[in-house]
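Here the numbering used here is used: position 242 in the sequence shown is 245, and no number is missing along the way.
Here's the structure we're looking at; comments come further down.
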Amino acid sequence: MKHTKPYQGLGLALPPLALFLLAGLALGAIIALVVFAVLGGSQVDVIDIATDTVVWRIIRFTLWQAALSTLLSALFAIPVGFLLFEYKHFYGRELLLRLFAIPLVLPQIVAVLAIVSLYGNQGFVTQALKQAGLPIGTIYGLSGILIAHVYFNMPLVARVILGALNAMPAEYERLSHQLNMGPLQRLRHICWPYMRPALFNASALVFMLCVTSFTVVLTLGGGPRATTLEVGIYQALTFDFDIPRAVVLTVMQLALTAFAVYMFARAGGNIDAGMTLERTRPLLIKHKASQIILAVVVLGVAALFVASPFVAIFAKGIAADLIKLFGQSAVQKAIMTSFVLGALAACLCIAVTLALCEGAVRAGFMQGAYSHAASLVLVVPPIVIAAGWFILLRPFVSIYEAAPYLVVSVNAAMALPFAMRFVLPARQTAAQRHDRLCAQLGIQGFDKWRLVLLPVMIKPLSVGFAFAFALSLGDLGVIALFGSEKVQTLPYLILQRMGSYRTNDAAGLALILCVFTLAILMFADRSSVSLKDKK
């Protein structure tokens, strides 16, 4: 049953309004860039910039680091994901999966600081290599960028692979064991056909994320030879104030992200999933001692790689004078600003998400447009949106006075794909189960949300809000462009302390930000479960 009047009784067509606001936020930035390129800048300047060897070196490095990061993440994730599936009942498996979720929510500036404390000149790993007489390199440059990108993306790809293998019919796995296939044979003949589509899709997503990486490259790039397009846009606007150069780099960034999204849509392929008639009891598999040792080594290395930066930032943060930091007015103001802007961005994100979800289940032929509207953010990264609005508003208002509004709106848009991933499936399920009965009983508007939808959607809404809050709390990309002495968030303050070589203060602030982020996610998860139980 299709409904053509969403949110009846409220007097507002909220889904079309949400779609218009989201499209306006992104398209307004692009139009500003195009108008400036045509009217505000010299055609000769644009051509000169587009053919500049430095610009093409930036493009080559952007693609090169993204390709290497994707390849290393995938190669590391394949054995990890397969072994997590192969050894389903080993002690600590659930703990390891929870550990793999940390990089997904950890603010990038925190992880970068932890990686520097491990692999920097005075880091634990560097000192251990020196004592062993092994050659060492610098963390700044391509090597540091690769380490950080693999840290963030390997757990993601491994969890995607594990999810694909868990969807494989149980009979296939049972039959492979009955035929005495070894692990490599099972990987090649049974598991790989199910891993391949998920692996290629996840790899394309990782490539896109690495192309649009900002915080990692800004802090670990180490100079002009390790600069990506996003960092180039930031430098052109803030240091050189070269707007034509920023416009050209932004257009090139849009082309690369559009190409990456195209890869994401076309990667992998489909496979017949088969059918499991009944969920049978898992076989008690006896593995050889050598296989068990190899699995322990691989999973142990993966666990150490993911956990060590978190442990390092905790140790360095505890060593800092936290009481003194909390007593500083700049820190107190940054914490308050981060929470206010993060909460506002999360509220705006959930409001737009709900409106888009409502349109996706009730808008007839426009359902596809509402369902995929959040993907517009994947094509137009936050730094591109910020750059466009920077250029558009600069002649009319003070950019730094408008900074809070721009940070809230761009961060809300940045979190939309994640919030939609949690909320849309729940709303579609609720529509199939309850919308027809609600229409027959005349239940609509706020009564429908209060009595019918909220009890079944409270958990995805809470998790979506927490993810949006955490992403905004730890974001550096937008605030790095609009931040000032008046508007400072915790990530912005951490970057300042790192730039002034106050590493102890930066570590303490990173620990505070990390604790806040994890606490928000844990609280949302627990509170949503308890509220659902009460309902």
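Don't be surprised by glycine CBs; every beta carbon is placed ideally from N, CA and C.
With a threshold of 16 other CB atoms inside 10 Å of the CB of residue i, please say whether the residue is buried or exposed.
i: Lys-133; result: exposed
i: Asp-438; result: buried
i: Val-209; result: buried
i: Asp-478; result: buried
i: Asn-414; result: buried
i: Phe-79; result: buried
i: Gln-256; result: buried
i: Lys-291; result: exposed
i: Leu-427; result: buried
i: Lys-319; result: buried
i: Ile-523; result: buried
i: Glu-404; result: exposed
i: Gly-511; result: buried
i: Met-339; result: exposed
i: Asn-169; result: exposed
i: Glu-488; result: exposed
i: Ser-206; result: buried
i: Thr-54; result: exposed
i: Val-400; result: exposed
Got a sec, what are the start and stop residues for the alpha helix (DSSP H) residue i sits in?
i: Gly-486; result: Per DSSP, Gly-486 belongs to no alpha helix (DSSP H) and is neither H nor E.
i: Lys-462; result: 457 to 476
i: Glu-89; result: 56 to 89
i: Ile-112; result: 111 to 122
i: Lys-319; result: 292 to 322
i: Cys-213; result: 195 to 214
i: Met-501; result: 493 to 502
i: Thr-231; result: Where Thr-231 is concerned, there is no enclosing alpha helix (DSSP H), given that its DSSP letter is neither H nor E.
i: Phe-2; result: Within the shown structure, residues of the chain are numbered from 4 to 538, placing residue 2 beyond reach of any answer.
i: Thr-141; result: Careful: Thr-141 lies outside any alpha helix (DSSP H) and carries neither H nor E.
i: Ala-422; result: 406 to 433
i: Leu-328; result: 325 to 330
i: Arg-439; result: 439 to 444
i: Val-387; result: 385 to 396
i: Val-220; result: 218 to 223
i: Leu-99; result: 96 to 108
Verify whether the separation of the beta carbon atoms of residue i and residue j is less than 9 Å.
i: Gln-68; j: Val-220; result: yes
i: Thr-253; j: Val-387; result: yes
i: Gly-235; j: Val-58; result: yes
i: Leu-514; j: Leu-476; result: no
i: Ile-164; j: Leu-102; result: no
i: Leu-99; j: Ala-298; result: no
i: Pro-312; j: Tyr-504; result: no
i: Val-214; j: Thr-65; result: yes
i: Val-459; j: Thr-432; result: yes
i: Lys-462; j: Ala-429; result: yes
i: Gln-331; j: Pro-186; result: no
i: Leu-357; j: Ala-418; result: no
i: Cys-194; j: Met-211; result: no
i: Pro-385; j: Ile-112; result: no
With distances taken from CA atoms, which of the options is nearest residue i?
i: Ala-389; options: Glu-404, Leu-409, Phe-399 and Tyr-403; result: Leu-409
i: Glu-97; options: Arg-162, Leu-109 and Gln-111; result: Arg-162
i: Phe-468; options: Phe-244, Ile-164, Phe-421 and Pro-158; result: Phe-421
i: Leu-77; options: Met-198, Ile-118 and Gly-126; result: Just to set this straight, residue 77 is Ala in the shown sequence, not Leu. Checked all of Met-198, Ile-118 and Gly-126; the closest Cα to Ala-77 is Met-198.
i: Trp-392; options: Thr-340, Ile-148, Val-250 and Ala-205; result: Val-250
i: Ile-246; options: Gly-445, Val-153, Leu-212 and Arg-397; result: Arg-397
i: Asp-243; options: Leu-484, Ala-310 and Phe-519; result: Leu-484
i: Met-525; options: Arg-436, Ala-104, Thr-506 and Gly-303; result: Ala-104
i: Val-518; options: Thr-241, Leu-109 and Lys-91; result: Leu-109
i: Pro-407; options: Thr-506, Leu-395 and Val-481; result: Val-481
Please work out which residues of its chain come closer than 7 Å, Cβ to Cβ, to residue i, disregarding the five sequence neighbours upstream and downstream, and give them in chain order.
i: Lys-336; result: Gln-491
i: Thr-129; result: Tyr-122, Gly-123 and Ile-139
i: Phe-342; result: none
For residue i, I'd like the list of residues in its chain whose CB is within less than 6 Å of its CB, leaving aside the five on either flank, ordered along the chain.
i: Gly-140; result: Ser-146
i: Arg-500; result: Asp-508 and Ala-509
i: Leu-280; result: In this prediction, Leu-280 scores a pLDDT of 42, lower than 50, which makes its location untrustworthy; the coordinate-derived value is nonetheless stated afterwards. Once the five neighbours on either side are set aside, Leu-280 has no close Cβ partner at all.
i: Leu-159; result: none
i: Phe-472; result: Gly-345, Ala-349 and Ile-523
i: Pro-82; result: Val-301
i: Ala-315; result: Ala-117, Ser-120 and Leu-121
i: Asn-156; result: Ser-76 and Val-209
i: Phe-425; result: Pro-463, Val-466 and Gly-467
i: Phe-88; result: Leu-165 and Leu-168
Using a Cβ-Cβ cutoff of less than 8 Å, which residues in the same chain neighbour residue i once the five nearest sequence positions on both sides are dropped?
i: Val-115; result: Ala-151, Thr-218, Val-219, Thr-222 and Leu-223
i: Leu-351; result: Val-411, Ser-412 and Ala-415
i: Ile-321; result: Leu-514
i: Ile-148; result: Gln-68, Ser-72, Ser-216, Val-219, Val-220, Leu-223, Gly-224 and Ala-229
i: Gly-144; result: Leu-223, Gly-224, Gly-225, Gly-226, Arg-228 and Ala-229
i: Leu-496; result: Ala-333, Val-334, Ala-337 and Leu-512
i: Leu-259; result: Ile-62, Thr-65, Leu-66, Val-214 and Leu-232
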